[in-house]
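Student:
There are 2 protein chains.
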Amino acid sequence: MPDSEQSPSKKERILDAAEELFALHGYDGVTLRQIAQQAEVDVALASYHFGKKRDVFEATFLRRAQIINDLRLKSLQQMQATQGDSLSVEDIVTAFLKPIQALQMNANPGWQNYCALVAYINSSAVWGKELMHRNFDPLVNRYMTALRQALPNATPEKLHWCYHYLSGALTLTMANTGRIDRLSEGRCHSDDFQTAYDLMIPFVTQGMLAVCGD
Amino acid sequence: MPDSEQSPSKKERILDAAEELFALHGYDGVTLRQIAQQAEVDVALASYHFGKKRDVFEATFLRRAQIINDLRLKSLQQMQATQGDSLSVEDIVTAFLKPIQALQMNANPGWQNYCALVAYINSSAVWGKELMHRNFDPLVNRYMTALRQALPNATPEKLHWCYHYLSGALTLTMANTGRIDRLSEGRCHSDDFQTAYDLMIPFVTQGMLAVCGD
DNA sequence: AGTTAAATTCAACAGCTGTTGAAAATCAAG
DNA sequence: CTTGATTTTCAACAGCTGTTGAATTTAACT
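If you read the sequences in order, they're chains A and B.
First residue of the first sequence: 684, per the numbering used here; consecutive thereafter.
First residue of the second sequence: 684, per the numbering used here; consecutive thereafter.
1. Step through the CB atoms of chain A and report whether any lies within less than 9 Å of the CB of Y797 (chain B).
2. Could you have a look at W844 (chain B) and say whether DSSP puts it in helix, strand or coil?
3. At a CB-CB cut-off below 8 Å, which residues of chain B make contact with S806 (chain A)?
4. Give a yes or no on contact between the stretch 854-869 of chain B and the stretch 748-761 of chain B, applying the rule of three or more CB pairs nearer than 8 Å.
5. Under 7 Å between beta-carbons, which chain A residues line up against H843 (chain B)? List them in chain order, please.
6. Is S771 (chain B) close to chain A? Criterion is C-beta to C-beta, closer than 9 Å.
7. Check whether the Cβ of V776 (chain A) lies closer than 9 Å to any Cβ atom in chain B.
8. Identify whether G793 (chain B) lies in helix, strand or coil by the three-state DSSP scheme.
9. Could I get the ranges of all uninterrupted alpha helix (DSSP H) runs contained in the stretch 869-894 of chain A, with 4 residues as the minimum, in chain order?
10. In whole angstroms, what is the alpha-carbon distance linking D725 (chain B) and I750 (chain B)?
11. What does E840 (chain B) touch in chain A if you count any residue whose Cβ is under 8 Å from its own?
12. Only counting the same chain, and skipping five residues up and downstream in sequence, which positions put a Cβ closer than 8 Å to that of Q721 (chain A)?
13. Nearest chain B C-beta to A706 (chain A) closer than 9 Å, yes or no?
14. For the alpha helix (DSSP H) that contains V772 (chain B), what are its first and last residues?
15. Residues in the same chain with beta-carbon distance under 8 Å from P691 (chain A), minus the five sequence neighbours each way, listed in chain order, please.
16. List, in chain order, every chain A residue whose beta-carbon is nearer than 8 Å to that of L892 (chain B).
17. List the residues of chain A that M651 (chain B) touches, going by C-beta distances under 7 Å, in chain order.
18. Compile a chain-ordered list of the residues in the stretch 816-836 of chain B whose CB is closer than 7 Å to at least one CB of chain A.
19. Mapping DSSP to helix, strand and coil, what is K694 (chain B)?
20. Assuming I697 (chain A) and A729 (chain A) make a contact with CB atoms under 8 Å, what is their CB distance in whole Å?
21. In three-state terms, what does DSSP make of A808 (chain B)?
22. Compute every distance between the C-beta of P839 (chain A) and the non-hydrogen atoms of the ligand NAP, then say whether any falls below 8 Å.
23. So, Q761 (chain B) versus L770 (chain B), is the Cβ gap smaller than 9 Å?
24. Would you mind giving the Cβ-Cβ distance between M883 (chain B) and L780 (chain B), rounded to the nearest angstrom? I have them listed as a contact below 8 Å.
25. P835 (chain A) by DSSP, collapsed to three states: which one?
26. To the nearest angstrom, how far is the alpha carbon of R825 (chain B) from that of K841 (chain A)?
27. Against chain B, with Cβ distances strictly below 9 Å, would V724 (chain A) count as a contact?
28. Chain A beta carbons: is any one of them nearer than 9 Å to that of G851 (chain B)?
29. Tell me whether the stretch 867-881 of chain A and the stretch 772-790 of chain A touch, counting them as touching only if at least three CB pairs, one residue from each stretch, are closer than 8 Å.
30. W794 (chain A) to S873 (chain A), Cα distance in whole Å?
31. Against chain A, does R812 (chain B) count as a neighbour if the rule is that its beta carbon must be under 9 Å from one of theirs?
32. May I have the straight-line CA-CA distance separating A727 (chain B) from D738 (chain B), to the nearest angstrom?
33. Does the beta carbon of V739 (chain A) come closer than 9 Å to any beta carbon on chain B?
34. Cutting at 6 Å between CB atoms, please list the residues of its own chain near N796 (chain B), excluding the five before and the five after it.
35. Name the chain A residues whose beta carbon is nearer than 7 Å to that of M883 (chain B)?
36. Thinking S806 (chain B) and A858 (chain A) are a contact (beta carbons under 8 Å), I'd like their distance in whole angstroms, please.
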């Protein structure tokens, strides 16, 4: 049963609605009834398909997580194929950020909502971080390995803190909160992902070299 | 009526409890009854003192906002007094980050909770950002002015994006989520603010110079 | 068409939510 | 102590919450 060119099933509509609402208001700021209403579906259907409310949230998170991981893995491998086996810091940072930039510039609004959802989970202090650890950290460790090779004199501690800063800048950008629009009085736009990521690459690259370089 | 060396009033206990719980679970993840229970106070007292639930949240946010602004303003002025009128990028970044580092390393746990609360608001996509704009952006603009002088060839757009990256790295650090502990398998600690901010300064400084330097 | 399973809705539940008006307690001042 | 104001509690409200079991519709297959 091909699902291309086909209106999304009710099950998928529930995840679409959950994706948007959870990203905007967080886990506790959304009710199953709001999700059902936006998906034009009965309240009980979410429980039937996914179980408890937390399972709805997890299903929303898991639906696209593997796709992002695959894109980022391919991005790193392709960079290694074209640039040789020893990558520069800029190569690694570029490989890490470009897939996210492409997703957020995508016409499909689902990916924008999903990126904001991941940002919400990443900056959440409670149970959400366990989801991040299980689903994203294995891939992040591949990038950490590449960084260790590009910066052989750096301590693991410094490398992790540098990734932490990258993660923070990336998270706030993915969250797409509109803060920069206000602060810059309209000169910058939260959804100008072209500029956001193109400038983030040299920023993070030189930051890492400053902290971890020889 | 002096309030030093005096056990905190019930009104203050409510704000202390709200500070901790809102920082941990977000606005919708906390009920007035939970706040009242932690403050060992009746439910209705929060409404009596502050009004609606949103007013409790705003009061929690406003209680310490001006103190942070004053500290940061003094920090910038002191840097200008000692370093002369033309500050380096590193001076400005240092003046911006050091007060927060001091607050989070403070023995008073209230400030740690408050820093996490500010991080929550800053990465929230909804009404919270208005609070940030009104209470923090005036001070941030003073720092932006200093940065414009230190980087005269940078466009305002690039400068704002650089501050955005700084803000992201800072927000994730203030949030103190424990993510870095997991990813680094115990090598780094979210609450090692000494290392966190000492490394953030060169990271952000060189990032800004790379994007906005000549 | 008939049968079986899956998908979807309906109806209802016990429990919790923010909020408020009245009662009670505490405090300040004469 | 009496008075009046402020603070704190009590009790209750209407409305919303997640969840579930039964009923109904839709789909799949013979």
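All residues carry an ideal CB built from backbone N, CA and C; glycine is no exception.
Tutor: In this structure, then:
1. The residue given as residue 797 (chain B) occupies position 114 in the second sequence. Not closer than 9 Å to any Cβ of chain A, the Cβ of Y797 (chain B) fails to qualify, so no.
2. For the purposes of this step, residue 844 (chain B) is taken as the residue at position 161 of the second sequence. Three-state result, W844 (chain B): helix.
3. As a working note, residue 806 (chain A) is residue 123 in the first sequence. Chain B residues near S806 (chain A): A802, Y803, S806, T854, L855, A858 and T860.
4. no
5. The residue labelled residue 843 (chain B) in the question sits at position 160 within the second sequence. Under the 7 Å cutoff, chain A gives I863, L866, S867, R870 and C871.
6. Locating residue 771 (chain B) in the second sequence gives position 88, counting from the first residue. S771 (chain B) does not count as touching chain A.
7. Indexing the first sequence from 1 puts residue 776 (chain A) at position 93. So no, V776 (chain A) is outside the interface.
8. What you label residue 793 (chain B) is simply residue 110 of the second sequence in a count that begins at 1. Three-state result, G793 (chain B): helix.
9. none
10. Counting from one through the second sequence, the residue named residue 725 (chain B) turns up at place 42. Counting from one through the second sequence, the residue named residue 750 (chain B) turns up at place 67. Each residue's alpha carbon lies about 29 Å from the other.
11. Here residue 840 (chain B) corresponds to residue number 157 of the second sequence, with the count starting at 1. In chain order: S867, R870, C871 and T878.
12. If you number the first sequence from 1, residue 721 (chain A) lands on position 38. These residues qualify, in order along the chain: A700, E703 and L704.
13. Within the first sequence, the letter at position 23 stands for residue 706 (chain A). Chain B contact via Cβ: present.
14. Position 89 of the second sequence, counted from the start, is the residue given in the question as residue 772 (chain B). V772 to Q787 is the extent of the alpha helix (DSSP H) around V772 (chain B).
15. In the first sequence, counting from the first residue as 1, residue 691 (chain A) sits at position 8. Hits under 8 Å: D699.
16. Position 209 of the second sequence holds residue 892 (chain B). In chain order: Q889.
17. No answer is possible for residue 651 (chain B): the residues shown for chain B start at 684 and end at 897.
18. H816, D820 and V823
19. The residue given as residue 694 (chain B) occupies position 11 in the second sequence. Here K694 (chain B) sits in helix by DSSP.
20. Translated into the one-based positions of the first sequence, residue 697 (chain A) becomes position 14. Translated into the one-based positions of the first sequence, residue 729 (chain A) becomes position 46. 5 Å between Cβ atoms; contact.
21. For the purposes of this step, residue 808 (chain B) is identified with residue 125 of the second sequence, where counting begins at 1. Note: A808 (chain B) maps to coil in three-state DSSP.
22. Among the ligands in the structure shown, none appear at all, so the ligand NAP cannot be discussed.
23. Locating residue 761 (chain B) in the second sequence gives position 78, where the first residue counts as 1. Locating residue 770 (chain B) in the second sequence gives position 87, where the first residue counts as 1. No, Cβ-Cβ distance for Q761 (chain B) and L770 (chain B) is not below 9 Å.
24. If you number the second sequence from 1, residue 883 (chain B) lands on position 200. If you number the second sequence from 1, residue 780 (chain B) lands on position 97. The pair is a contact, with the Cβ atoms about 6 Å apart (cut-off 8 Å).
25. Here residue 835 (chain A) corresponds to residue number 152 of the first sequence, with the count starting at 1. The answer is coil: DSSP assigns P835 (chain A) none of H, G, I, E or B.
26. Taking the second sequence and counting its residues from 1, the one referred to as residue 825 (chain B) is at position 142. Taking the first sequence and counting its residues from 1, the one referred to as residue 841 (chain A) is at position 158. If you take the alpha carbons of R825 (chain B) and K841 (chain A), they lie about 31 Å apart.
27. If you number the first sequence from 1, residue 724 (chain A) lands on position 41. By this cut-off, V724 (chain A) is not an interface position.
28. Residue mapping note: residue 851 (chain B) aligns to position 168 of the second sequence, counting from 1. For G851 (chain B), the answer is yes, since a Cβ of chain A falls inside 9 Å of its Cβ.
29. yes
30. Your numbering for residue 794 (chain A) matches position 111 in the first sequence. Your numbering for residue 873 (chain A) matches position 190 in the first sequence. Answer to the nearest angstrom: the Cα atoms are 15 Å apart.
31. To locate residue 812 (chain B), count along the second sequence from 1; it is residue 129. Reading off the sequence, residue 812 (chain B) comes out as Lys, not Arg. So, interface residue.
32. Along the second sequence, read from residue 1 onward, the residue named residue 727 (chain B) stands at position 44. Along the second sequence, read from residue 1 onward, the residue named residue 738 (chain B) stands at position 55. Cα to Cα, the separation comes out at about 14 Å.
33. Position 56 of the first sequence, counted from the first residue, corresponds to residue 739 (chain A). No - not a single Cβ of chain B is within 9 Å of the one on V739 (chain A).
34. For the purposes of this step, residue 796 (chain B) is taken as the residue at position 113 of the second sequence. Excluding residues within five positions, the ones whose Cβ falls inside 6 Å are E702, E703 and A706.
35. If you number the second sequence from 1, residue 883 (chain B) lands on position 200. Here the neighbours are Y848.
36. Indexing the second sequence from 1 puts residue 806 (chain B) at position 123. Indexing the first sequence from 1 puts residue 858 (chain A) at position 175. The pair is a contact, with the Cβ atoms about 5 Å apart (cut-off 8 Å).
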